[in-house]
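Asks: Under my numbering, the first residue of the sequence shown is numbered 1, with each subsequent residue one higher.
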Amino acid sequence: MSQKTVRLTMAQAVARFLTRQMTVIDGNKVPIFGGVFAIFGHGNVAGVGEALHGIKDTLPTYRAQNEQGMANAAIAFAKASFRRRFMACTTSIGPGALNMVTSAALAHVNRLPVLFLPGDVFANRRPDPVLQQVEGFADGTISANDCFRPVSRYFDRITRPEQIIPALRRAMQVLTDPADCGPVTLSLCQDVQAEAYDYPEAFFDEKVWSSRRIEPDADELASAIAALKAAEKPVIVAGGGVLYSEASKALAAFAEKHGIPVVETQAGKSSLPHSHPLNMGSVGVTGTSASNQLAEAADVVLAVGSRLQDFTTGSWSLFKNEGLKIVGLNVQPFDAAKHEGLPLVADARIGLERISAGLGNHKADTAWTDKAKAGKAEWLKAADKATATTNAALPSDAQVIGAVQRARGGAETVLVCAAGGLPGELHKLWQAETPGGYHMEYGFSTMGYEVAGGLGAKLARPDSDVIVMVGDGSYMMLNSEIASSIMLGAKITIVLLDNAGYGCINRLQMATGGANFNNLLRDTHHVELPVIDFAAHAAAMGALTRKVGSISELESALKETAGEARTTVIVIDTDPLITTDEGGHWWDVAVPEVSNRTEVNEARKGYEKALTSQRFG
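(1) Does the distance from the CB of asparagine 110 to the CB of glycine 443 come in under 8 Å?
(2) Taking the straight line between their C-alpha atoms, what separation do you get for histidine 525 and glutamate 162?
(3) Going straight from the alpha carbon of tryptophan 587 to that of alanine 603, what length do you get?
(4) Is alanine 455 near serine 480, with beta carbons less than 8 Å apart?
(5) When the Cα of glutamate 353 is compared with those of Glu256, Val589, Ala78, which residue comes out closest?
(6) In terms of alpha-carbon separation, which member of Cys181, Gln266, Val134 lies closest to glycine 437?
(7) Distance, Cα to Cα, leucine 577 vs alanine 418?
(8) Report the three-state DSSP secondary structure of leucine 59 (helix, strand or coil).
(9) Give the straight-line distance between the Cα atoms of glutamine 405 and lysine 491, rounded to the nearest whole angstrom.
(10) Which class does lysine 325 belong to by DSSP, given the choice of helix, strand or coil?
(11) Which residues in the same chain have their Cβ closer than 7 Å to the Cβ of asparagine 506, if we skip the five residues on either side of it in sequence?
(12) Residues in the same chain with beta-carbon distance under 7 Å from alanine 88, minus the five sequence neighbours each way, listed in chain order, please.
(13) Alanine 76 and glycine 489: beta carbons closer than 8 Å?
(14) Kindly indicate which residue of Asp180, Thr159, Ala179, Gln173 has the alpha-carbon position closest to the one of tyrosine 618.
(15) Look up histidine 537 in the DSSP assignment and say whether it is helix, strand or coil.
(16) From arginine 597 to threonine 512, what distance separates their C-alpha atoms?
(17) The alpha helix (DSSP H) spanning lysine 249 covers which residue range?
(18) Using the rule of at least 16 other Cβ atoms within 10 Å of the residue's Cβ for burial, across every protein chain shown, is proline 166 buried or exposed?
(19) So, helix, strand or coil for threonine 413, using DSSP?
(20) Tell me the DSSP bridge mates of proline 118?
(21) Please work out which residues of its chain come closer than 8 Å, Cβ to Cβ, to isoleucine 482, disregarding the five sequence neighbours upstream and downstream, and give them in chain order.
(22) Identify, in the order they occur along the chain, each residue of the same chain with its Cβ nearer than 6 Å to the Cβ of proline 129, setting aside the five sequence neighbours on each side.
(23) Output needed for valine 30: all residues of its chain with C-beta closer than 8 Å, excluding positions within five of it in sequence on either side, in chain order.
(24) Would you decide whether leucine 529 is buried or exposed? Buried here means 16 or more other CB atoms lie within 10 Å of its CB.
(25) Glutamine 3: which of Gly47, Ala138, Phe203, Val121 sits nearest, CA to CA?
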């Protein structure tokens, strides 16, 4: 059978294919790829680089400063787009490629789509070993890119130009699949990138990808409905799947109709407006007292789009009801059936609608709902106290959060953060009113995500006021995409909290009986302590900067710079030891069984006692 063909290099075929993949958002057909981040080297500049130049007016290529930074930005773009759109990232062979492996793990853990296109060795092996090639003494097929295998949902090495046809089709299936969604790595041998092949023209036909909404199995649905009808103290755990399914309205309607309180994971925060009377806020290790007291007593937990990781469950010591049943509403069976849950494999929005129809007019006991609302009122008093303004020379993280909330915490705000002590405080205290207004990478808790993540969120939501909160330790790890935000005209506001070290881990070290050691700068082995001028550093990359000396100055600076078109960095010194005592829950961090320090031995006693409250299996 004859078919029309077009002769292209493999790299040109990849580029053309990406431009033909579309989706529909709010009734408008748009490219599903929001762009390509690229840092070129000998392993991709001649092949992929030339191909991307040929489509630059159709699919933009963004030049980044760091491979991990650009990958983090691409992942943040997908997260802020609720996985409806995503990006590709290309690098050379060697360290450029390996710099993206951490990001691949981040995307894998968080179930977020991103396409990695690293260069690879020569398939023909003529220049073997090529520059930057990692040689396997016992396996000639290995390259550095094999490191992507365990952190990719789909991995392929392209050693012939025609192999890209099934590989790209499989890649798109994974990137758009609600259950298998995650990172895809197509490792592109650099000689094959430049090889030509007669590709079928039909391979480049436009394709529109839509979100698959999985209907529940009848038996699983019946079991879920029966469990909720029998529940005396039901609770809904809202995970990231609520946002990715765009199920916020369905969740609100479900909670209101059936009188069931909602608690939110890190990924699920902003599923309901903070002001919603049945939104109890964060749950688990960094949970509110309102959420955690309900979780402790709950007899049925409807976990919607959550993978129930240890911060959500208090290392499985939070849910204390002996008769606890978990209904796992999730598109991924692996997550739906965790901890002997009753699996309900379905799209979050469809699942909530089907359960609600089955429940009819059934409502939770009003005493349970009233208890929830009373608990929230008490929590709000504690939260207001923690975030109140202060004249302290070194304010707490919570007080800085309060200042940001008062100055710029509007409906159009997207708050971005990732690692350290800030995620815990923000999970408890930030008041998000719009789905996606809280953008936290806490599945992998990747230090260095924040600045790049802010850039990705801004590219996805250009009309939003993107505010990044980051500690000095995480800023020092990866800050170079400030320059990229300037280049792209993507204004973000960065609030940098300087507590002179790794304050969060220092507090954890103290809580487990450890001595202050190697976390705060003052407790490190040093000859001289660095005095880092963060404002000057950010200004050197082109940002507008302020160093403020108080909470009131911070609020003023945030208001004054709101209208600026350029990325702005505001630095404030904070106390490394203060954290919000209210709320929260135990977390399993193993304490040494033997130590010559009294503090560790005492912490071990407390640890052993806490272990008795864990549910196992």
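Ideal placement from N, C-alpha and C gives every residue a C-beta, glycine not left out. Model, not experiment: these values are computed from the prediction.
Replies: With the structure as the only source:
(1) As a working note, residue 110 is residue 110 in the sequence shown. As a working note, residue 443 is residue 443 in the sequence shown. Yes.
(2) Position 525 of the sequence shown holds residue 525. Position 162 of the sequence shown holds residue 162. If you take the alpha carbons of histidine 525 and glutamate 162, they lie about 56 Å apart.
(3) The residue labelled residue 587 in the question sits at position 587 within the sequence shown. The residue labelled residue 603 in the question sits at position 603 within the sequence shown. The straight-line gap separating the alpha-carbon atoms of tryptophan 587 and alanine 603 is approximately 13 Å.
(4) One-based indexing of the sequence shown puts residue 455 at position 455. One-based indexing of the sequence shown puts residue 480 at position 480. Before going on, a small fix: residue 455 reads as leucine here, not alanine. Taking the C-beta atoms as reference points, serine 480 is found no nearer than 8 Å to leucine 455.
(5) Residue mapping note: residue 353 aligns to position 353 of the sequence shown, counting from 1. Of the candidates Glu256, Val589, Ala78, the one whose C-alpha sits nearest the C-alpha of glutamate 353 is Glu256.
(6) The residue given as residue 437 occupies position 437 in the sequence shown. Among Cys181, Gln266, Val134, the Cα nearest to that of glycine 437 belongs to Gln266.
(7) For the purposes of this step, residue 577 is identified with residue 577 of the sequence shown, where counting begins at 1. For the purposes of this step, residue 418 is identified with residue 418 of the sequence shown, where counting begins at 1. Straight-line Cα distance between these residues: approximately 19 Å.
(8) The count along the sequence shown starts at 1 and reaches residue 59 at position 59. Three-state result, leucine 59: coil.
(9) Locating residue 405 in the sequence shown gives position 405, counting from the first residue. Locating residue 491 in the sequence shown gives position 491, counting from the first residue. Cα to Cα, the separation comes out at about 19 Å.
(10) To locate residue 325, count along the sequence shown from 1; it is residue 325. Strand.
(11) The count along the sequence shown starts at 1 and reaches residue 506 at position 506. The beta carbon of asparagine 506 lies closer than 7 Å to those of Asn516, Asn519, Leu520, Pro576 in the same chain, with the five residues before and after it left out.
(12) Sequence index remark: in the sequence shown, residue 88 carries index 88 (1-based). Contacts found: Leu18, Phe33, Val36, Leu115, Leu117.
(13) Start at 1 with the first residue of the sequence shown, and residue 76 comes out as number 76. Start at 1 with the first residue of the sequence shown, and residue 489 comes out as number 489. For alanine 76 and glycine 489, no; Cβs fall outside 8 Å.
(14) No answer is possible for residue 618: the residues shown for the chain start at 1 and end at 617.
(15) One-based indexing of the sequence shown puts residue 537 at position 537. Histidine 537: helix per DSSP, three-state reduction.
(16) Indexing the sequence shown from 1 puts residue 597 at position 597. Indexing the sequence shown from 1 puts residue 512 at position 512. Their backbone Cα atoms lie some 11 Å apart in a straight line.
(17) Translated into positions along the sequence shown, residue 249 becomes position 249. It spans 248–258 - the alpha helix (DSSP H) in which lysine 249 sits, taken as one unbroken run.
(18) Taking the first residue of the sequence shown as position 1, residue 166 is located at position 166. The Cβ neighbour count for proline 166, taken over all protein chains shown within 10 Å, is under 16; the residue is labelled exposed.
(19) Working through the sequence shown from its first residue, we reach residue 413 at position 413. It is a strand residue.
(20) The residue you call residue 118 lines up with position 118 of the sequence shown. DSSP lists Thr91 as partners of proline 118.
(21) Within the sequence shown, the letter at position 482 stands for residue 482. Cβ within range, chain order: Val451, Ile494, Ala538, Met541, Gly542, Ala543, Thr567, Val569.
(22) As a working mapping, residue 129 is identified with position 129 in the sequence shown. Excluding positions up to five away in sequence, the list reads Glu135.
(23) Along the sequence shown, one-based indexing puts residue 30 at 30. Once the five neighbours on either side are set aside, the close Cβ partners of valine 30 are Met22, Thr23, Val24, Arg85.
(24) One-based indexing of the sequence shown puts residue 529 at position 529. The residue in question, leucine 529, is exposed, as its Cβ has fewer than 16 Cβ neighbours within 10 Å.
(25) On the sequence shown, position 3 is the one that residue 3 refers to. Minimum Cα distance to glutamine 3 is reached at Phe203.
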